[in-house]
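Take a look at the structure set out below.
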Amino acid sequence: YTAQQTMTKIRSLLTAAAVLGTTTAFVSPQQRTASSSTSLDATIAVFGASGLTASECVYQALQDGDKVVGLTRNPSNLKIPKGSGGADFEKPLTNPNLTMIGG
Numbered sequence: 144y145t146a147q148q149t150m151t152k153i154r155s156l157l158t159a160a161a162v163l164g165t166t167t168a169f170v171s172p173q174q175r176t177a178s179s180s181t182s183l184d185a186t187i188a189v190f191g192a193s194g195l196t197a198s199e200c201v202y203q204a205l206q207d208g209d210k211v212v213g214l215t216r217n218p219s220n221l222k223i224p225k226g227s228g229g230a231d232f233e234k235p236l237t238n239p240n241l242t243m244i245g246g
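Residues 144 to 246 in this note's numbering are what the sequence shown spells out, letter by letter.
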């Protein structure tokens, strides 16, 4: 899977689980505007957030307007990914919708 396919798969699984009422802690089913690329306003938890694939998922979710909680050993290691980050590649990834938890 590419990072985009992984993100799409995660959103599909969370949406299906939300319909079943099993992930209310992770997904808040609030409708977005029609211009949005996903149908839910989601809070997404990403484990290993500073890793190669996970950082891409974090970056793309934030670009889509989702709230992200990232869990990683060292939050300062989270950088803008090479794949989607373009010229900002390797700069620290910060966003008001991002909460990082280290441990």
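Ideal Cβ placement from N, Cα and C applies to all residues, glycine included.
From a predicted model like this one, the values you see are computed outputs, not experimental measurements.
Could you compute how far the alpha carbon of Asn-238 sits from the alpha carbon of Asp-207? Asp-207 has its alpha-carbon roughly 12 Å from the corresponding atom of Asn-238.
Ser-227 beta carbon less than 7 Å from that of Gln-203 | Yes; because the gap between Cβ atoms is below 7 Å, this pair is in contact.
Q.
Considering only the alpha carbon of each residue, which of Thr-151, Ile-244 and Asn-240 lies closest to Asp-209?
A. Asn-240
Margin query: Under DSSP, the alpha helix (DSSP H) around Thr-145 begins and ends at which residues?
Written below: Here Thr-145 belongs to no alpha helix (DSSP H), and DSSP marks it neither H nor E.
Q: Indicate the three-state DSSP secondary structure (helix, strand or coil) for Gly-228 in the structure shown.
A: helix
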